[in-house]
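Trainee:
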Amino acid sequence: MPPPVFRFAPSPNGHLHLGHAYSALLNFDRARETGGRLLLRIEDIDATRCRPEFETAIDEDLAWLGIAWETPVRRQSEHLADYRAALEKLTARGLVYPAFESRAEIARLVAAREADGPWPRDPDSAPLYPGDAKALAAGERSRLIGAGAPYALRLDMTAACQRVAGLTWNELGEGPDGERGTVAARPEAWGDVILARKETPTSYHLSVVVDDALQGVSEIVRGQDLFHATSVHRLLQALLGLPEPAYRHHPLIRDADGRKLSKSDRSTGLRELRAAGVTRAGIRGLVGLGQVSLGVSKTPP
2 MPPPVFRFAP SPNGHLHLGH AYSALLNFDR ARETGGRLLL RIEDIDATRC
52 RPEFETAIDE DLAWLGIAWE TPVRRQSEHL ADYRAALEKL TARGLVYPAF
102 ESRAEIARLV AAREADGPWP RDPDSAPLYP GDAKALAAGE RSRLIGAGAP
152 YALRLDMTAA CQRVAGLTWN ELGEGPDGER GTVAARPEAW GDVILARKET
202 PTSYHLSVVV DDALQGVSEI VRGQDLFHAT SVHRLLQALL GLPEPAYRHH
252 PLIRDADGRK LSKSDRSTGL RELRAAGVTR AGIRGLVGLG QVSLGVSKTP
302 P
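Plus 1 on top of the position in the sequence shown (first one is 1) and you've got our numbering.
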């Protein structure tokens, strides 16, 4: 049996903080415990926010933490053809359609729908897609695309869920509500998610399942904020014929007020903590992997 494969996959759109350190260290520790491999993947499809200096800083911070990973590193921006091929498979099955509304137009549509009562929202509290682009005639779609109109490519969730049923995943960690073991996937809760945009041939949901399959990742260790997104990922894996990894979701590191950490919070940034004299062992303590505690929490608020 091949050794298990783990991955840490940050986006180079800012400096790493304690939450990133916790996830990276958990992946590193799991790889050592199981005799597995640890990969580093740079999720840099957002060309407007991702910058080379942040990737350099990621390498420096991880090395300072004592984390080693295999090379070469996979950068998503170098593999757009892989995501385009997956998108074409879904399109050929009639599961993808272009939607032309802007974010502002979608907000107005949601407001109009809510005049008659609450509009459904996804597990991240964003309103489900309210438009009717799925019903556009093929000729009108072609006309709009030919005219250069911006668009997002959405998954026809109803049609997709009709193709596969009874999806589950193996949860080795714990969901936000204590979910463990075999968890039933509920991708329909997300509505018609975006898989790509006119200017970018992929989205997070699509690229992450393609990357994990191509890299042979067998156990995905990541934060509980992505627990519910696993339903979408399992659906895409099933539709594309990709292998099913195990999942291990971990609690989030939160600040003293119970808020999820962000890259703009310099008080928990690894570079700032290192400059303040916090040691590698101290970082482990701060995230609950040692004995030190300085006001951060893994307990949901």
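Even for Gly, the Cβ is constructed at its ideal location relative to N, Cα and C.
1. Using 8 angstroms as the threshold, is the C-beta distance between S232 and A161 below it?
2. Just to confirm the assignment: which complete beta strand (DSSP E) runs, minimum length 3, are found wholly within the segment 194-258?
3. Can you name the start and end residues of the alpha helix (DSSP H) that T35 belongs to?
4. How would you call P1, buried or exposed, if buried means at least 16 neighbouring beta carbons within 10 angstroms?
5. How big is the Cα-Cα spacing for T300 and I146?
6. Tell me whether A277 sits in a helix, a strand or coil according to DSSP, three-state version.
7. Residues bridged to K135 by DSSP?
8. According to DSSP, I284 sits in a beta bridge with which residue or residues?
9. Using a Cβ-Cβ cut-off of 8 angstroms (strictly less than) and excluding sequence neighbours within five positions of Q216, which residues of its own chain qualify?
10. Using the Cα positions of K261 and K199, report the straight-line distance between them to the nearest angstrom.
11. Taking just the CA atoms, how far does E180 sit from A247?
12. Return the chain-ordered list of same chain residues with a C-beta closer than 7 angstroms to the C-beta of L137, the five sequence neighbours on each side being excluded.
13. Could you compute how far the alpha carbon of H21 sits from the alpha carbon of V209?
Mentor: Short version:
1. Not a contact, by the Cβ cut-off of 8 angstroms.
2. Taken in chain order, the complete beta strand (DSSP E) segments of 3 or more residues contained in the segment 194-258 are 195-198, 220-224, 247-251.
3. Start and end: 19-35.
4. The first residue shown for the chain is 2 and the last is 302, placing residue 1 beyond what the model contains.
5. At T300, the pLDDT of 46 sits below 50, so the modelled position is not reliable; the number obtained from the coordinates is stated separately. In a straight line, the C-alpha of T300 is about 47 angstroms away from that of I146.
6. Correct three-state label for A277: coil.
7. K135 is not bridged by DSSP to any residue.
8. Answer by DSSP bridge pairing: none, since I284 is not bridged.
9. The residues are V6, R8, L40, R42, R75.
10. Rounded to whole angstroms, K261 and K199 show a C-alpha spacing of 32 angstroms.
11. Straight-line spacing of the CA atoms in A247 and E180 works out to 14 angstroms.
12. Contacts found: none.
13. Cα-Cα distance, rounded: 17 angstroms.
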